[in-house]
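The block underneath contains the structure these notes are about, expressed in structure tokens.
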Amino acid sequence: MINTQEIQLWEVFIRPRNGLAHRHCGSLHAADAEMALQAARDV
Numbered sequence: 000m001i002n003t004q005e006i007q008l009w010e011v012f013i014r015p016r017n018g019l020a021h022r023h024c025g026s027l028h029a030a031d032a033e034m035a036l037q038a039a040r041d042v
């Protein structure tokens, strides 16, 4: 089991290919950057 103190909150942003502005599309909890990236692709 993962200790909840080790889980970080990550913010997910998307950017259109033709634009410069990022748009916030959600947040998620993950233990590290790699897991956050994998989860963000599912958002």
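Just so you know, the sequence shown maps onto residues 0 to 42 in this note's numbering. C-beta: ideal position from N, C-alpha, C; glycine also.
Rounding to the nearest angstrom, what Cα-Cα distance links residue i and residue j in this structure?
i	j	result
R22	R14	6 Å
L27	A20	21 Å
W9	A29	7 Å
I6	D41	18 Å
C24	L36	14 Å
N17	M34	27 Å
Would you mind giving the Cβ-Cβ distance between residue i and residue j, rounded to the nearest angstrom? I have them listed as a contact below 8 Å.
i	j	result
V11	A32	V11 to A32, Cβ: 12 Å. No contact.
What residues match up with residue i in a beta bridge as DSSP calls it?
i	result
V11	G25
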